[in-house]
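If you're matching positions, the sequence shown starts at 6 in our numbering and goes up one per residue.
Structure first, then comments.
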Amino acid sequence: MRTFANLIDDPLVEGRFASWLKMRIDLIAPKNLDIISGRATAKSSDILAERSIRISEDMARAYFAWVADTYENAIGNVRDALIEGWNRKGWVEGVHYVLDERPPAHFEKPYKSPKDFQHTMSIYNGCFFKIVSLAQPSSAAGNSYQHLFGDEVKYFDDKKIAKLFPAIRGEYTNFGDSVYYRGHSFTTDMPNPMHKEYDWIMQQEENMDVEQIKLILNLSHLINEDKKKLFKAYKNRDDLAVKRIQKRIVKYTIAWRRARKDSTYFAIGSSLANLQILTLGYFEDSLKTLGIEEFKTSILSLKPTIPQGAMFYAYLGPHHFFDDGLREDFLSNYTLKEEFNPLAKHIKKPYYDKKQPVSAGMDFGDMISMVTGQENKNYIYALRNFFTLPPESTAQIAAKFVDFYDGHEKRILNLYYDRSGNQYEQVNRDWATDVKTSIEEYSSKIGQKWKVNLMSKNQATIYQDEEYYFMTKWLNEGIAGIPTLRIYRKFNKELKSSLEITKVITKKDQKGKTKIHKNKTSEKLAMHLRPMYSTNFSDAFKYWIMRRDWRSTASSRISTSTTFIDTEII
6 MRTFANLIDD PLVEGRFASW LKMRIDLIAP KNLDIISGRA TAKSSDILAE RSIRISEDMA
66 RAYFAWVADT YENAIGNVRD ALIEGWNRKG WVEGVHYVLD ERPPAHFEKP YKSPKDFQHT
126 MSIYNGCFFK IVSLAQPSSA AGNSYQHLFG DEVKYFDDKK IAKLFPAIRG EYTNFGDSVY
186 YRGHSFTTDM PNPMHKEYDW IMQQEENMDV EQIKLILNLS HLINEDKKKL FKAYKNRDDL
246 AVKRIQKRIV KYTIAWRRAR KDSTYFAIGS SLANLQILTL GYFEDSLKTL GIEEFKTSIL
306 SLKPTIPQGA MFYAYLGPHH FFDDGLREDF LSNYTLKEEF NPLAKHIKKP YYDKKQPVSA
366 GMDFGDMISM VTGQENKNYI YALRNFFTLP PESTAQIAAK FVDFYDGHEK RILNLYYDRS
426 GNQYEQVNRD WATDVKTSIE EYSSKIGQKW KVNLMSKNQA TIYQDEEYYF MTKWLNEGIA
486 GIPTLRIYRK FNKELKSSLE ITKVITKKDQ KGKTKIHKNK TSEKLAMHLR PMYSTNFSDA
546 FKYWIMRRDW RSTASSRIST STTFIDTEII
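Right, dumping it as C-alpha cells:
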C-alpha cells in the first residue's frame, strides 16, 4: 500500500498527512480498535480524534464514554490532545462541540436527557461524551454507552475495565445499524509489566479475524480507487462515467459496511510510522535518552524483555501507588475550561492532613530533586515531587513547594538530604541551608511562614548496597516500625519513572568482593531529560525514606544475602 501521494494543485483536493498506520485504521474502520503504537504517533490527537468524529457522525444522538485510569489523566488527555485534534480537523468550540455546559438550543438532543453536564462534551448532532474515571466507579453509574474510547490503556486495571464493558448497551433500535455500536476504541504504547503496567490489550489480538480484515481492506481499496476515478470523471465532465462509478461505489460501500460488522482490528506499530514528521534526529535523541531497552518498548513497540532482577527497586509494585488522591468536591466543581492545577489542599484524607508536618527528601546538584509527603499512622504518602533545572535553583524550588502547600496549617518541613548538602556550612553557603532560607523567606513574604528543620546534619553516608538491601526488604515484605509506602501517581511522574528505570550493577571493591551499586550513568543525560530519565529522583527518595532512625530500625532486620540477577560486572 502506498503511504504517500503527490498532492494535486486543485481547490477541490484537501491534502492531509497520515501515517501508514493511521491510513489503515481509517480504511478498516472496525467496530473494535485496539492499537499499540510508539510514542509520538498522535494516538489521541489524530487517531482517536478523527475516529471519534466519524463515530459521532455515524451514531448521532448516542452516548459515549471517554475512559481513563483517573479523572486527572482524563482531563489532561481530553483538553490537551483530543480537543486539539478536533480543532485541527476543523471542529470549532461552540459550533461543533461544547465542554462542561448545556449545549446551545440549536444542537440536536441526545437520545436521553443528561442529568448533568459536568465533565462532558456535547456534539452538535446530539452525541454526548461522558468522562469516566476507573478510580471512581460512580462516574459511570446509571448510564449506558454505545461506544467506549480510551488512550494509554496500559494504565487501566483489567479488572476495573472489565466491569465497565457491560455498560456498553442499550438503544439497539436507534443505533444497531451502526458498525460501531457496542464497540470500543483503545490506544496505548507498549505495556511493560515490569513497570507495573497492564498488558490485557495484548489479548485483543485473539479477537481479530485476519481474513475479515483482509476483505475489508480489499473493499476499501476498490472504493478508494473508484473515488479517484470519480474525481477524474468530474474534472473531465464525463457524466456517463460519473453515474457508472457512483453506482459501483455504492455497491462496494454496502459490501464494505457488511464486512466490517463485529470486526476487531489489533495492530502494533512503532514510532517509525511517523518518521517523515519526527525525522531521524528524534530517534537518535530517544535512544540516547531512554537506553536500548526502554527504546525498544516505548519507541519500537517491541515486547519488554528486561529481567526483573535487573531493577534496583525490584519489588516496587502497583500496590505502592494510589490514584484516587483528589477530593470529590474539587473534581465535581472543576470544568474542562479551567487550568488544571490542584494543590495539596485538594488532596483527600488520609493521604494529606493540613494539621500535620510535611517531610521531604532532596538531592542537590545542577538538577535539584525534591520528594514531599506525610506520614499517617502505618503509611508514608509521597504527595508531590518538584525539581529545578538551570538557571533555576533553590529559590525557585522553594517557591514551588510553598505554593503547592498553600493553606497548610502546621507549616513545619522536616528536610532530609545527602550529607554533602552541608559541606559548605562553615561559610554559610551549603545547599541545605540555602533551601531552608529560601523556603522561610519566601513563605514569610506571602504571609504563610514555614519552619524548616534540617534533619541530616552529621548523618552517616548511605552506601548504595545498604540502600539496595533496605529497599528490597522494605518494598517486598515491609519492615516493622517503618510505615508502608504509598505514592500519588499523578503528582510523582518523575519519581515513579526514576524508581522504575534504575538498574543494578555490580563492582569489585579493593578486596575483590562484589558490591551492589546503582547504575547512575543516566545522570549524564542532557539536562532537560534528567527529570524523567535519570536516577536523581531515586536519590531524593532514598534520603526521604532512609532517615537516621529508620535505618537504625532496619539494621537488625535486614539480611545482606538478598539475591539479585547480576546483569553487569564492571
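Glycine residues also receive a C-beta, built at the ideal position from the N, C-alpha and C atoms.
The structure displayed is predicted, hence computed values, not measured ones.
#### Entry: Alpha-carbon spacing of residue 141 relative to residue 181, whole angstroms
29 Å
### Message
I'd like to check one pair, residue 327 with residue 493: are the Cβ atoms closer than 8 Å?
### Response
yes
### Message
Whole angstroms are fine: how far does the CA of residue 542 sit from the CA of residue 373?
### Response
9 Å
### Of the listed residues 179, 49, 390 and 191, nearest to residue 166 (C-alpha basis)
191
### Touch test, the region 52–59 against the region 23–35, Cβ-Cβ under 8 Å, three pairs minimum
yes
### Message
Check for me: the beta strand (DSSP E) holding residue 454 runs from which residue to which?
### Response
Here residue 454 belongs to no beta strand (DSSP E), and DSSP marks it neither H nor E.
### Query
To which residues does DSSP link residue 192 through a beta bridge?
40 and 156
### Query
Is the beta carbon of residue 302 less than 8 Å from the beta carbon of residue 197?
yes
### Query
Does the count of Cβ pairs from the region 497–504 and the region 350–369 closer than 8 Å reach three?
no
### Nonlocal neighbours in the same chain, by C-beta distance under 6 Å from residue 537, ignoring five residues either side
499 and 502
### Message
Give me the residue from 245, 219, 200 and 369 with the minimum Cα distance to residue 315.
### Response
200
#### Entry: Three-way DSSP call (helix, strand, coil) for residue 363 in this model
strand
### Query
Nearest-angstrom Cα distance between residue 424 and residue 557?
17 Å
#### Entry: Buried or exposed (CB count within 10 angstroms, at least 16 for buried), residue 576
Lying outside 6 to 575, the shown extent of the chain, residue 576 is not represented and no answer is given.
### Task
Using the Cα positions of residue 393 and residue 526, report the straight-line distance between them to the nearest angstrom.
20 Å
### Query
With 16 as the cutoff for other CB atoms within 10 Å, does residue 275 come out buried or exposed?
buried
### Task
For residue 562, write down the residues that DSSP places opposite it in a beta bridge.
Paired residue(s): none; residue 562 is not in a bridge.
### Task
Count the other CB atoms, across all protein chains shown, that sit within 10 Å of the CB of residue 263; report buried if there are 16 or more and exposed otherwise.
exposed
### Task
Tell whether a beta-carbon distance below 8 Å holds between residue 282 and residue 112.
no
### Task
With DSSP as the reference, label residue 137 as helix, strand or coil.
strand
### Message
Starting from residue 72, trace the beta strand (DSSP E) in both directions and tell me its first and last residue.
### Response
68–73
### Query
Can you find at least 3 beta carbon pairs, one from the region 207–226 and one from the region 86–104, that sit closer than 8 Å?
no
### Task
Name, in chain order, the residues that DSSP records as bridge partners for residue 397.
Beta-bridge pairing links residue 397 to no other residue.
### Supposed close pair residue 463, residue 420 - CB separation, criterion 8 Å
The pair is not a contact, with the Cβ atoms about 15 Å apart (cut-off 8 Å).
### Message
Which residue wins for smallest C-alpha separation from residue 376, given the options 370, 383 and 387?
### Response
387
### Query
For residue 422, which beta-bridge partners are listed by DSSP?
367
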